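Chains as they are written, first to last, in the numbering used here: chain A, 23 to 273; chain B, 23 to 273; chain C, 23 to 273; chain D, 23 to 273; chain E, 23 to 273; chain F, 23 to 273.
The block underneath contains the structure these notes are about, expressed in structure tokens.
6 protein chains.
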Amino acid sequence: MDRVPTGAKGLDEILGGGFPKGKTILVVGSPGSGKTILAVQFLRAGTENGDRSLYVALDEKPEQVKENVSAFGWDLDRLEAEGKLMFIDATPFRRTKSLSFGKYEVQGVLPLQEAIPEISLEGLIQVVKRVAEEESVSRIAVDPITSLVVRYPDPAKRRRAILVLFEALSSTGATCLVTTELRTSMLARRFQLEEFLSQGVVLLRTGIHDGNVVRAIQVEKMRGIAHDPQLRPYLIGQNGIEVFPKDKVFK
Amino acid sequence: MDRVPTGAKGLDEILGGGFPKGKTILVVGSPGSGKTILAVQFLRAGTENGDRSLYVALDEKPEQVKENVSAFGWDLDRLEAEGKLMFIDATPFRRTKSLSFGKYEVQGVLPLQEAIPEISLEGLIQVVKRVAEEESVSRIAVDPITSLVVRYPDPAKRRRAILVLFEALSSTGATCLVTTELRTSMLARRFQLEEFLSQGVVLLRTGIHDGNVVRAIQVEKMRGIAHDPQLRPYLIGQNGIEVFPKDKVFK
Amino acid sequence: MDRVPTGAKGLDEILGGGFPKGKTILVVGSPGSGKTILAVQFLRAGTENGDRSLYVALDEKPEQVKENVSAFGWDLDRLEAEGKLMFIDATPFRRTKSLSFGKYEVQGVLPLQEAIPEISLEGLIQVVKRVAEEESVSRIAVDPITSLVVRYPDPAKRRRAILVLFEALSSTGATCLVTTELRTSMLARRFQLEEFLSQGVVLLRTGIHDGNVVRAIQVEKMRGIAHDPQLRPYLIGQNGIEVFPKDKVFK
Amino acid sequence: MDRVPTGAKGLDEILGGGFPKGKTILVVGSPGSGKTILAVQFLRAGTENGDRSLYVALDEKPEQVKENVSAFGWDLDRLEAEGKLMFIDATPFRRTKSLSFGKYEVQGVLPLQEAIPEISLEGLIQVVKRVAEEESVSRIAVDPITSLVVRYPDPAKRRRAILVLFEALSSTGATCLVTTELRTSMLARRFQLEEFLSQGVVLLRTGIHDGNVVRAIQVEKMRGIAHDPQLRPYLIGQNGIEVFPKDKVFK
Amino acid sequence: MDRVPTGAKGLDEILGGGFPKGKTILVVGSPGSGKTILAVQFLRAGTENGDRSLYVALDEKPEQVKENVSAFGWDLDRLEAEGKLMFIDATPFRRTKSLSFGKYEVQGVLPLQEAIPEISLEGLIQVVKRVAEEESVSRIAVDPITSLVVRYPDPAKRRRAILVLFEALSSTGATCLVTTELRTSMLARRFQLEEFLSQGVVLLRTGIHDGNVVRAIQVEKMRGIAHDPQLRPYLIGQNGIEVFPKDKVFK
Amino acid sequence: MDRVPTGAKGLDEILGGGFPKGKTILVVGSPGSGKTILAVQFLRAGTENGDRSLYVALDEKPEQVKENVSAFGWDLDRLEAEGKLMFIDATPFRRTKSLSFGKYEVQGVLPLQEAIPEISLEGLIQVVKRVAEEESVSRIAVDPITSLVVRYPDPAKRRRAILVLFEALSSTGATCLVTTELRTSMLARRFQLEEFLSQGVVLLRTGIHDGNVVRAIQVEKMRGIAHDPQLRPYLIGQNGIEVFPKDKVFK
């Protein structure tokens, strides 16, 4: 299977090469664990290879995301101007109340609150597929998918919605990272539905051990490739997420 | 009682021979624990014996499953071409919106969403029984049964649905593996309904012990045969799942 | 109080003689813990004494139960042919869709799904009482009672249903074992309603201690007799369940 | 405050004398912990003092209770014949479907299931107060109160029902023991509503410590008197419940 | 900020003086922890200063409360006769079914059960404010507030009800103690809504440590003053609650 | 990114400078942990820089907040008179039942209870934005946001409400602190929705370690800046919250 560099130093090593090309990988993390940072690192890595990348924003607007990562010295505005990185603003706060995204029209919006229409799963999938195809996008990040998923309280419908979303992303042929929230801590771990339905799952966990805050990354699953399943320490440093594939998390 | 090889090195030893022939065994596992890998190993082992095997896909399409296991060097396409391994695509994404599976027609579909009809339990049972009979199938994997089960929130109806499914699989005379999701981790273990209703249960657990990720397989139950009930370590290696029947999981 | 042998080696000793004659005892166990095996051992022990025993199957058909225990060398078909052991098939899968059990007619069936009628609590009680009386049955096993109980989500009605069932079994004068599922593991133990309402409770627990799977039997309660309340190890061996009344479970 | 002997050896010492006279005390226990045994010991102790005692049965019929305690050598039939101990059968199984209890008529029954009417809280209170008054009863046991309480799922109404019951028992002037079920084990203790509303609470707990089953009694609260609040070991021996007020539960 | 003595030896020291004058303080405790005892000690301390105190009973009638504390040698009847301590019986069992409390009329009663009307939050507030004003009350205890709070299952309405109650107590200018039930034990602590809304919170906890029952008091919060936040041991002794401000709870 | 001093000694150091200017930061804390104190320290720090600050009170009235912090020697009345600190009383208890806040009119009130109208999210946002703009406010505290959030039991709507609130605060350009309640303790940590949606999260936790109450502050997340993620001890001392950025919480 072909691989694509993850963009996070040390993570390629855990994966034995990089993310499997064309797969959809779930990144699950507690608050502040670095989900968005990892997603952006991933897309940037794509642009360094000549790939075109797409960031789909669902909670925080693209302008904020760009600002958040500027401290790492990443100039996303420049990449956008160069056409290497595209943004879809699917947050409830996008400036245009109409349903266009850039030059893409969307059919079928879910009117949660008429003044600020929220994008429906079908509408989002339409736009993403069209952009991916017409713009030859090879990497996509959807950050986070939680707001799409929480609309389906019924477990059967939720399961279906997640499968539909993952299938649509797969159909683009791009390598995709989707982020979601890890609700419980390490001790009382309950596996979340999205983890079972993904082809790959990376956990970003922050735990407390002996009064120390510990950051651990774990490749819980990655179908189709052999990988190191262990918890490895990582940190959010000057250049984004850095993983230490040879170290143990505790002593 | 007759036995059939499991296909996973070391697991036959735990069972004192192999799976009991003609029984339906539940494989429960956390995300990334290897449920699908074990199911495919099991079917392949059947084809090596001259048995005909059937894989029923409910979440991931057969094409994806084949790709996922190609890293182990398993060529499922070839087995399929040789007529040794058959696939039923019962996922919500099958190409044909009509209700045929290969040359088998299905009565009674549950229209969850009309555009992409989802297969009903009765419809699936019909097709599986017919294929098993007409094609003399000796091994069946249903992977996973979760989407069939979650449609029944009422405990009495859920219990019944599971019993009906297991009875139908038993009636084919084939040895069957069905997979499902283990929702809670080792520490706060709550037994799931399907475990009580199965004739055999194999648990694939991933736990964290002293900061290490540990994989343990356990034959929780196997009616009719004596077996080793202990937790044993396993890994997902180059040839699929490999079990170490003589080792302890912790030190 | 008179006693009857339990049929499980070592268990009589814990009870100081055997089960109290004529009482209804609940066996609660996790999956694979041996509930059915204990129930069958109990009935066989009765037949060795010249008693007539009755097995009421609610989930697994009698044919399957017989097959499951054949590995222990128990020939239940023979006992049945000799009239020492009788079976009521009250599973959803009994061959006859009509409401006869052997030569006993049942009034009042609960039509959960018309095609496969499920037996109502009242209907089952009627048949069991009639068989017990007309056939002079001294031992009864109802395995498991869970499907009867889960139909009553309301706590008051559930309490009542269990009391009605236990009262009916008591009225036969037979010594009765009823099995049910232990839903939570040792660490987070929540007592189940049936335990409070039974006259006697035997727990079959499987726990994990230091990475070892440990089987422990505990007589939690047995009204009217003195008994050893401790956890004792047991195993499922060549002759069924064997208890070690003098040993500790850990070290 | 006056005291009355509890009837359980060692418990009077923990209480610094015995139960406070005229109060209503709650006994909470896990299955098999000895709630009914303690209640009967308490009533017997009353009869030894020349007191008249009343046992109100809600789950198990008086005949069964008498049989259960016969192993301790307690002849409750004799006490009943001597007029020292009275029984009210308020179980769903009482022989008389009409609403008389002995010579006492009851107004207002709650028809849960017409064939076997279940006694309403108001009806029970009426009878108990009348019997207590006309027969000069000084000790009352209501065993258990759970079936009365579970009918009120709404927390406000449940609170009220419990207060009404306790108030009614108080008004008789008798010293009363009411039993109820302890639903959670020692580790994940959630306090139950009845504990807050009682004037006194005795816990009978069975826990597992280092693989040993341990029985501990604890006077959690006893308004109006000083008492030892510690966990003390107890056993159910030849003479009923025996408490060891000077010992520790562990090591 | 002015302080008033708490009445509990050792507690003033933890608070650096006493309760802040005019504030409303929540006392949360497990069953038997001494909530009512602390409340009464607090009111008595007021009477020793020449203050007039008011006890509002919601579960247990004033007569019972007086009896409960008589063991400490506290003669509340005398204080009442001297006009230093007043009682409002707002329990469901007050003798007068009409709506007068002493000489105070109440508007607007919540008819939970017409025969025994239960006091509404608004009605209770009216009476308390009027009594406090006309009788120049400086200390008030409301014991417990749970029955008022449980009527509001909706979180938004419950929040509001608590705020309204606290605001009303504040407006009297009196220093107020309100008691409530601590539902969970130390290990699985979930903070209760009232704790966030109070100006001060004192926890009375009973825990089990190494098999010993341990009583610990903790000033969780006290807005406006510096206080010792540590767990301190306390006991219920001959003179009520006694706190040991210099000791540790464990060894 | 520009920084603004937090006002809490030692916290600037953890953040590597101070809060990021113009961001909205969530302060989550258990009862009595110091959320309001931190919020007020933050606003005061602003006034020392010549900034104008705004405190939005939702549970406790401004008068009470001022009194609560007077023990630290902070004279908020004076700051208010000097026009450096403004208060919006959005509690249910504001004197004016009409909808004016100072000189600002509000459209659209949510009539939870007509007598005491509760402010709607939209109404509050309107007022805050207008005050912030017209009065050139650079720092805002909203304390607490819980009452706004609990009105949305549906997860999708709650998510949306929080995003709308945060977006509105961001749009003012001010640096904002919003406080909320930490419902679970350290051991059974469940992450709350607001933590995922904030740009920065500071946790104020009170835990019990070896019987000692321990206060720990943790910057769980702060998008856009590097920060120390560790637990650090803090105390509420004479000058408010003081953090010890170089110390460990345990031993």
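Beta carbons are placed, not taken as given, at the ideal position from N, Cα and C, and that holds for glycine.
From a predicted model like this one, the values you see are computed outputs, not experimental measurements.
Please list the partners that residue i has in chain B, where partner means a Cβ-to-Cβ separation under 8 Å.
i, result
"A:M23", "E89, S92, A93"
"C:T197", "Residues of chain B passing the Cβ test: none, with the nearest at roughly 25 Å."
Would the beta-carbon of residue i fall within 8 Å of that of residue j?
i, j, result
"F:Q221", "F:R245", "yes"
"D:G51", "D:L204", "yes"
"E:V62", "E:M108", "no"
"A:I263", "A:G38", "no"
"E:L225", "E:K57", "no"
"C:V219", "C:R181", "According to the sequence displayed, residue 219 of chain C carries Leu and not Val. Contact flag set, yes."
"D:D165", "D:L80", "yes"
"A:K88", "A:L98", "yes"
"F:V172", "F:V78", "no"
"B:T228", "B:T202", "no"
Which of helix, strand or coil does DSSP assign to residue i?
i, result
"C:A11", "Because chain C is modelled from 23 through 273, residue 11 of chain C falls outside the range shown and cannot be assessed."
"B:V153", "helix"
"A:S274", "The structure shown has nothing for residue 274 of chain A, since chain A only spans 23 to 273."
"B:L132", "Caution is warranted here: a pLDDT of 34 is assigned to B:L132, below 50, making its placement in the model unreliable, and the coordinate value is therefore given only provisionally. Strand at B:L132."
"A:L121", "Its pLDDT being 39, under 50, A:L121 is placed unreliably by the model, and the measurement read from it follows with that caveat. The answer is coil: DSSP assigns A:L121 none of H, G, I, E or B."
"B:G51", "strand"
"D:D111", "strand"
"D:L204", "coil"
"C:T46", "strand"
"C:V164", "strand"
"F:V186", "helix"
I want to verify the contact list: residues of chain F whose CB lies under 9 Å from the CB of residue i, in sequence order.
i, result
"A:R173", "P177, A178"
Which bits of chain C does residue i rub up against, with CB to CB less than 7 Å?
i, result
"B:I36", "What B:I36 touches in chain C: nothing, since even the nearest Cβ is about 12 Å away."
Say whether chain B places a C-beta atom closer than 8 Å to the C-beta of residue i.
i, result
"A:Q252", "yes"
"C:P114", "yes"
Check whether chain C comes within 8 Å of residue i, counting only Cβ atoms and requiring the distance to be less than that.
i, result
"B:R205", "no"
"B:Q240", "yes"
"B:K151", "no"
Counting contacts by CB-CB distance shorter than 8 Å, is residue i in contact with chain E?
i, result
"D:V235", "no"
"D:V200", "no"
For a contact meaning CB atoms closer than 9 Å, what does residue i contact in chain C?
i, result
"D:S169", "A178, R181, R182, L185"
If the cut is a Cβ gap below 7 Å, which residues of chain D does residue i touch?
i, result
"C:L219", "D81"
Interface residues of chain C around residue i at Cβ under 8 Å?
i, result
"B:A248", "A93, I258, G259, Q260"
Would you say residue i faces chain F, with C-beta separation under 8 Å as the test?
i, result
"E:Q86", "no"
"E:V224", "no"
"E:E156", "no"
Hey, does residue i have any beta-carbon neighbour from chain D nearer than 8 Å?
i, result
"E:G281", "Residue 281 of chain E lies beyond the stretch modelled for chain E, which goes from 23 to 273, so this question has no answer here."
Name, please, each residue of chain F whose Cβ falls closer than 7 Å to the Cβ of residue i.
i, result
"E:K243", "P53, G54"
Run down chain E in chain order and give the residues with a C-beta less than 8 Å from the C-beta of residue i.
i, result
"D:F266", "The contacting residues do not exist; D:F266 stays about 13 Å from chain E at best."
Indicate whether at least one CB of chain A lies closer than 8 Å to the CB of residue i.
i, result
"F:K270", "yes"
Only counting runs of 3 or more residues, tell me where the beta strand (DSSP E) segments fall wholly within the segment 217 to 247 of chain E, in order along the chain.
-> The segment 217 to 247 of chain E contains these whole beta strand (DSSP E) runs: 222 to 231, 234 to 244.
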